[in-house]
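Numbering (our numbering), first residue to last: 103 to 205.
For glycine and all other residues, C-beta sits at the position ideal for the given N, C-alpha and C.
For clarity, every value in this text was computed on a predicted model and none was experimentally measured.
All remarks here apply to the structure that follows.
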């Protein structure tokens with residue numbers, strides 16, 4: 103995962119395991135997509151009329167509406183199921199504080 107568009111759910115540098123058998127946004131969830139040849143991880147919601155809404159969990163990004171006639175340019179590569187990431191320096195400082203405060 104690169105970028106901050108999914109902050110709150112995924113962080114820059116996280117690794118994501120996919121369920122490649124899950125290629126339909128039913129139920130709604132977070133998916134790895136191929137949009138115009140570009141890989142993106144977005145929350146996908148189906149909306150009235152057969153359109154899809156691609157949502158970033160970071161509120162600084164606006165949702166993107168994919169109209170039914172344009173859905174053919176979006177390929178769902180899989181549902182994001184598990185994430186792994188690095189322990190941040192801030193997390194390490196919290197752990198050190200907890201360990202030292204117990205002594």
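Terminal residues of the continuous beta strand (DSSP E) containing residue 144? 140 to 148
Compare the Cα-Cα distances from residue 144 to each of 186, 187, 178 and 188 and report the closest residue. 178
Assuming contact is defined by CB atoms lying nearer than 8 Å, are residue 184 and residue 176 in contact in what I supplied? no
Taking residue 162 as the reference, which of 124, 104 and 110 has the closest Cα? 110
Across which residues does DSSP place residue 168 in a beta bridge pair? 154
Starting from residue 121, trace the beta strand (DSSP E) in both directions and tell me its first and last residue. 117 to 121
Assigned exposure category for residue 132 - 16 Cβ within 10 Å defines buried: buried
For residue 149, tell me which candidate among 170, 112, 142 and 160 has the shortest Cα-Cα distance. 170
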